[in-house]
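Data block below; observations after.
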Amino acid sequence: QVHIVESGGGLVQPGGSLKLSCAASGFTFSSYAMSWYRQAPGKERELVATVTRARATNYANSVKGRFTISRDNAKNTVYLQMDSLKPEDTAVYYCNADRAFWVYWGQGTQVTVSS
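Just so we're aligned, residue 16 is where the sequence shown starts under my numbering, counting upward by one.
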């Protein structure tokens, strides 16, 4: 049975940092590209960052230079380090595992950037 659980969200002031974690089980983690998406109220879900099986990374333009995605295959975990947070980063952040026809999602973790 597949489980994907995000953690690390919360309330942070503008300019602050948070580190999200996504723990996965029930599938061969190292064989999947892992991504973080986010969805703000009234907006569509958008891709934030991806780390491939080969550990190549790519980012949305809005977070380049501020967010860093990484993975630890030994722990079946993917991380999102978020620095220099802005109010517009406020959203529910979702972890995604993708391997062609197999796609899994977590339940999300809320990130709120506000003073």
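Think of the CB as a built atom: it goes at the ideal place given N, C-alpha and C, for glycine as much as any other residue.
The C-beta distance from R81 to S99 rounds to 5 angstroms, short enough to fall under 8 angstroms. Judged by beta-carbon spacing, S85 lies beyond the 8 angstroms limit of Y74, meaning their Cβ atoms are not closer than that value. The Cβ-Cβ distance between G23 and S32 does not fall below 8 angstroms. A straight-line Cα-Cα distance of about 28 angstroms links R68 and T105. Bounds of the beta strand (DSSP E) holding F82 are 82-87. Judged by beta-carbon spacing, S77 lies beyond the 8 angstroms limit of T65, meaning their Cβ atoms are not closer than that value. Within the same chain, and ignoring the five residues on either side of A38 in sequence, the residues whose Cβ sits closer than 6 angstroms to its Cβ are V20, T92. Here Y119 is near V17, since their CB atoms are less than 8 angstroms apart.
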